[in-house]
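Colleague: Take this structure, written in structure tokens, and hold onto it; I'll ask about it next.
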Amino acid sequence: MPIPLPRYPLSLRRFFSTAIATALSLLFLANVNGSIARSQEATPQIPGLNLARIERLFVPNETSDIDMKAVRLDGRKLFYITAVSIAPESESQDFIPIRERVREVRSSLQSFARSDFDPEALEVGFKILNNLPVIYANDRPLLTVTLEDAQIYGTEPEQHAQNLTRRIENALIRARTERRPEYMQRQARIAGCILLAALGASLIALGTQRYFNRQKRKLERELDPIADSVSSTDVEIATAQSKDRQQQQHILKRVARRLAQASQIPIWVGSLYVILGLFPQTRGLQPPILTSLRVPLQLLLVGLATYLAIRLSAVIISRIFWTIEESRFLSPEASRRLVLRISTFSQVFQGVAAAICTGVGALVGLSVVGIPVAPILAGAGIIGIAFSLASQSVIKDTINGFLILLEDQFAVGDVVILGDATGFVENMNLRITQLRNEEGELITIPNSAISIVRNLSKEWSRVDLSVPIALNADLDKALKAIEEVAQAMSQDSRWQGLILEPPLLLGVDKLDRAGATIRLWIKTQPLKQWEIAREYRRRLKLELDRLGIELAMPQQALWIQGNSLLSMPEEARSHQL
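To convert a position in the sequence shown, counted from 1, into my numbering, add 777.
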């Protein structure tokens, strides 16, 4: 019966806590990264309601001659302004690019915010000059509201100017408050607490990483003990399960270690980002930093997600195969054979899953960079046809490898003869098969070159012994001794589980001038025929020596008639001379 998989000794609480902490950190980065697009809006964001998206409903369709850009004060967006992107031929002297106009308005606001004005005496209003409202702060001009500026908000210039005066007044008072010494001291204390929290989280992640490193080294040194009370077949199953379970633990520990390493990036990047937003002097650095880090952060998220998908899919695929092996609907023989094929199927399916995850990750990465994916997918068919025509051997290898797996011709762990190559199947996928021969050489064979397979270890194996007995020995006594040694060995507790059926004595298989050859068959577990044959030969030699039965030796008789050598065979005459 299949042995239930033992529980993992892996500390799942540590693993999941690390995974959850890293996921939260990455979500924070994604939120921060997404704030780049949100920060381009002129209005604040209310949870559950995107005011900026509603505001954009009033923005006219983009044309080639109008530009729109946000005005910031201390890194915070206040409102949008517009400018003509192409200088009219008749009014080229009045043309002001959008960047220059934004720079002028921002400079006026920052200059007034840094001045020593009294917030209580601040007066922000507007006057109509040349049919356009001009916004003043304490009789200091800040901004001229154009018709295009009002149109993007769906209002008239005077109404828009009135709305801007309230917004600008609040922004200037806030800017003045944030520059006071007591406010700066409070923000510095908050920044210190954030750095301490980041340092603590970083140390926890480092400690978690070292813990999983120690667990990895410990797992590599350990070998799970196998109970002596189970049969040899169950020992093979338990050994395979134990090995696969240790591999799953190794993968999970590696994933947790990588998550602990990756968590350092969002911890420190997120902390520095928050600290920059605490001070008005540095808050303006947030947008360009986020803009420059947007693509690298997205690529990092895609790469980490692809890595997790590959690693976790390997564990899931392995667990699925072991669940099938433990199914009660499988016969014991099918279950044993499936155990031998588990590693083969796992490697193949894990490779396919890794290829799919890598392909999807590559496509997502290309879309993040800005390369259109649709033309690539459209051209994939043509590229596939060209690749198939140029790589027909690879296609043949893949098809033949799939048929080998489907028909169960051999699997990883079998000993096979493939043409002139003989060895232990060490690795196999849909394209190649790798054998390790007796000299330790690794032989790689394309699957398309495999036409005849001789499997020496599928389901069961056989010891085929030919024992030569001397001509002058008692043949019946030798037959009895050979059979008794085989029967005694099959009943030995050490070898009983490896011998599937009672030994079969075929009898005298050959008789020649050297002696009589007696043939014996012993049906064994797969890959156990050589071990049993060595032990049987040792026991048989001791028994034949005890009974005085000699093994056959090559003999040659010489017939001499008189003194003449002419009647002798030529070989005998040369020997006599």
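We put the beta carbon where it would ideally sit given N, CA and C, even for glycine.
Values in this document were obtained by computation on a predicted structure and should not be read as measured data.
DSSP state of Lys1305, grouped into three classes?
Modeller: Here the question's residue 1305 lines up with position 528 in the sequence shown. Residue state, collapsed to three classes: coil.
Colleague: Which term fits Val1146, buried or exposed, when burial requires 16 or more other beta carbons within 10 angstroms of its beta carbon?
Modeller: The residue given as residue 1146 occupies position 369 in the sequence shown. That one is exposed.
Colleague: Considering only their Cβ atoms, is the gap separating Ile1181 from Asn1249 smaller than 8 Å?
Modeller: Locating residue 1249 in the sequence shown gives position 472, counting from the first residue. Locating residue 1181 in the sequence shown gives position 404, counting from the first residue. Not in contact: Asn1249 and Ile1181 (Cβ atoms no closer than 8 Å).
Colleague: Work out the CA separation of Arg1239 and Met1266 for me, nearest whole Å.
Modeller: On the sequence shown, position 489 is the one that residue 1266 refers to. On the sequence shown, position 462 is the one that residue 1239 refers to. Using only the alpha carbons, I get a separation of about 15 Å.
Colleague: Pair every Cβ in the stretch 1024-1043 with every Cβ in the stretch 959-972, then say whether three or more of these pairs are closer than 8 Å.
Modeller: no
Colleague: Can Ile1295 and Ile1276 be called in contact, C-beta distance under 8 Å?
Modeller: Here the question's residue 1295 lines up with position 518 in the sequence shown. Here the question's residue 1276 lines up with position 499 in the sequence shown. Against a cut-off of 8 Å, the Cβ pair of Ile1276 and Ile1295 comes out as no contact.
Colleague: Determine contact between the stretch 921-931 and the stretch 957-965, defined as no fewer than three beta-carbon pairs at a distance below 8 Å.
Modeller: no
Colleague: Considering only residues of the same chain and omitting the five flanking positions on each side of Ile950, which have a CB-CB separation below 6 Å?
Modeller: Counted from its first residue, the sequence shown places residue 950 at position 173. These residues qualify, in order along the chain: Pro896.
Colleague: Measuring straight from C-alpha to C-alpha, what distance separates Gly1054 and Ile1094?
Modeller: Numbered from 1 along the sequence shown, position 277 holds the residue referred to as residue 1054. Numbered from 1 along the sequence shown, position 317 holds the residue referred to as residue 1094. Each residue's Cα considered, the two are about 46 Å apart.
Colleague: Flag this pair as touching only if the stretch 1281-1297 and the stretch 1210-1226 have three or more C-beta atom pairs under 8 Å; answer yes or no.
Modeller: no
Colleague: Is Val1230 helix, strand or coil when you go by DSSP?
Modeller: To locate residue 1230, count along the sequence shown from 1; it is residue 453. It is a strand residue.
Colleague: Assuming Gly852 contacts Gly1061 (C-beta within less than 8 Å), just tell me the rounded distance between them.
Modeller: The residue labelled residue 852 in the question sits at position 75 within the sequence shown. The residue labelled residue 1061 in the question sits at position 284 within the sequence shown. Gly852 to Gly1061, Cβ: 4 Å. Contact.
Colleague: Rounded to a whole number of angstroms, what is the C-alpha to C-alpha distance between Gln1058 and Ile843?
Modeller: Position 281 of the sequence shown, counted from the start, is the residue given in the question as residue 1058. Position 66 of the sequence shown, counted from the start, is the residue given in the question as residue 843. If I take the Cα positions, the gap works out to 31 Å.
Colleague: Count the other C-beta atoms from every protein chain shown that fall within 10 angstroms of the C-beta of Gln727, then say buried if there are 16 or more, exposed otherwise.
Modeller: As shown, the chain starts at 778 and ends at 1354. That puts residue 727 outside it, with no answer to give.
Colleague: What separation, rounded to the nearest whole angstrom, lies between the Cα atoms of Leu850 and Val1072?
Modeller: Working through the sequence shown from its first residue, we reach residue 850 at position 73. Working through the sequence shown from its first residue, we reach residue 1072 at position 295. Rounded to whole angstroms, Leu850 to Val1072 spans 26 Å at the Cα level.
Colleague: In terms of DSSP beta bridges, what is Leu1219 paired with?
Modeller: Taking the first residue of the sequence shown as position 1, residue 1219 is located at position 442. Note: Leu1219 sits in a beta bridge opposite Arg1213.
Colleague: Under three-state DSSP, which class holds Leu1207?
Modeller: Residue mapping note: residue 1207 aligns to position 430 of the sequence shown, counting from 1. Leu1207 falls in the coil class under three-state DSSP.
Colleague: Compare the C-alpha of Pro918 against each of Ala927, Leu906, Thr1100, Gln928 and name the closest.
Modeller: The residue given as residue 918 occupies position 141 in the sequence shown. When only C-alpha atoms are compared, the closest one is Leu906.
Colleague: Pick from Arg963, Ile1326, His937, Ser892: whose alpha carbon is nearest that of Leu909?
Modeller: One-based indexing of the sequence shown puts residue 909 at position 132. The option with the nearest alpha carbon to Leu909 is His937.
Colleague: For Ala1289, does the three-state DSSP call read helix, strand or coil?
Modeller: The residue you call residue 1289 lines up with position 512 of the sequence shown. Checking the sequence, you will find Asp at residue 1289 rather than Ala. It is coil, neither helix nor strand.
Colleague: With distance defined between alpha-carbon atoms, name the residue in Gln1063, Pro1043, Gln992 nearest to Ile1028.
Modeller: As a working mapping, residue 1028 is identified with position 251 in the sequence shown. Ranking the options by Cα distance to Ile1028, first place goes to Gln992.
Colleague: Among the residues of its own chain, which have a CB less than 8 Å from the CB of Leu1219, if the five just before and after it don't count?
Modeller: For the purposes of this step, residue 1219 is identified with residue 442 of the sequence shown, where counting begins at 1. So the list reads Glu1203, Gln1211, Leu1212, Arg1213, once near-sequence residues are dropped.
Colleague: On a Cα-Cα basis, can you pick out the residue from Gly902, Ser884, Leu1317, Leu1288 that is closest to Glu1260?
Modeller: The sequence position of residue 1260 within the sequence shown is 483, counting from 1. Minimum Cα distance to Glu1260 is reached at Leu1317.
Colleague: Would you mind sorting Thr1100 into buried or exposed? The rule is 16 or more other CB atoms within 10 Å of its CB.
Modeller: Sequence index remark: in the sequence shown, residue 1100 carries index 323 (1-based). Exposed, by the Cβ-count rule.
Colleague: Out of Ala1151, Tyr1050, Val1129, Phe1056, state which residue places its alpha-carbon closest to the alpha-carbon of Arg1088.
Modeller: Taking the sequence shown and counting its residues from 1, one reaches residue 1088 at position 311. When each option's Cα is compared against that of Arg1088, the closest is Val1129.
Colleague: Here's the rule I'm using: 16 or more other beta-carbon atoms within 10 Å means buried, otherwise exposed. How should Lys904 be labelled?
Modeller: Counted from its first residue, the sequence shown places residue 904 at position 127. By the 10 Å Cβ count, Lys904 comes out exposed.
Colleague: For Ile1299, list the residues DSSP reports as bridge partners.
Modeller: Taking the first residue of the sequence shown as 1, we reach residue 1299 at position 522. Answer is Val1240, bridged to Ile1299.
Colleague: Where do the N-terminal and C-terminal ends of the alpha helix (DSSP H) with Ile875 fall, by residue?
Modeller: Counting from 1 along the sequence shown, the entry for residue 875 is found at position 98. Counting along the chain, the alpha helix (DSSP H) containing Ile875 begins and ends at 875-891.
Colleague: For the alpha helix (DSSP H) holding Arg1271, just list the boundary residues, first then last.
Modeller: Working through the sequence shown from its first residue, we reach residue 1271 at position 494. Looking at the DSSP string, Arg1271 is not in any alpha helix (DSSP H), and its letter there is neither H nor E.
Colleague: State the CB to CB distance for the pair Leu941 and Asn915, rounded to an integer number of angstroms; the pair is presumed to be in contact (CB under 8 Å).
Modeller: Counting from 1 along the sequence shown, the entry for residue 941 is found at position 164. Counting from 1 along the sequence shown, the entry for residue 915 is found at position 138. Going by Cβ atoms, the distance from Leu941 to Asn915 rounds to 16 Å, so no, they are not a contact pair.
Colleague: Using a 10 Å radius around the Cβ and a threshold of 16 neighbouring Cβ atoms, would you call Arg987 buried or exposed?
Modeller: In the sequence shown, residue 987 corresponds to position 210, counting from 1. It is exposed - the Cβ of Arg987 has fewer than 16 other Cβ atoms within 10 Å.
Colleague: Could you name the residues of the same chain whose beta carbon sits closer than 7 Å to that of Asp926, not counting the 5 residues immediately before and after it, in chain order?
Modeller: The residue labelled residue 926 in the question sits at position 149 within the sequence shown. Answer for Asp926: Ile858, Thr859, His937, listed in chain order.
Colleague: Give the single residue among Phe1122, Leu1077, Gly984, Thr1068 whose Cα lies nearest to the Cα of Ala1091.
Modeller: As a working mapping, residue 1091 is identified with position 314 in the sequence shown. Here the closest residue by C-alpha is Phe1122.
Colleague: Start and end of the beta strand (DSSP E) containing Ile929?
Modeller: As a position in the sequence shown, residue 929 is number 152, starting the count at 1. From DSSP, Ile929 is part of no beta strand (DSSP E); its letter is neither H nor E.
Colleague: Let's test the definition: count the other Cβ atoms within 10 Å of the Cβ of Lys1287 and tell me whether it reaches 16, buried, or not, exposed.
Modeller: Reading the sequence shown from its first residue, position 510 is the one you call residue 1287. Lys1287 is exposed by the Cβ-count criterion.
Colleague: From Leu1256 to Asp1269, what distance separates their C-alpha atoms?
Modeller: Here residue 1256 is taken as the residue at index 479 of the sequence shown, counted from 1. Here residue 1269 is taken as the residue at index 492 of the sequence shown, counted from 1. Leu1256 and Asp1269: Cα-Cα distance of roughly 20 Å.
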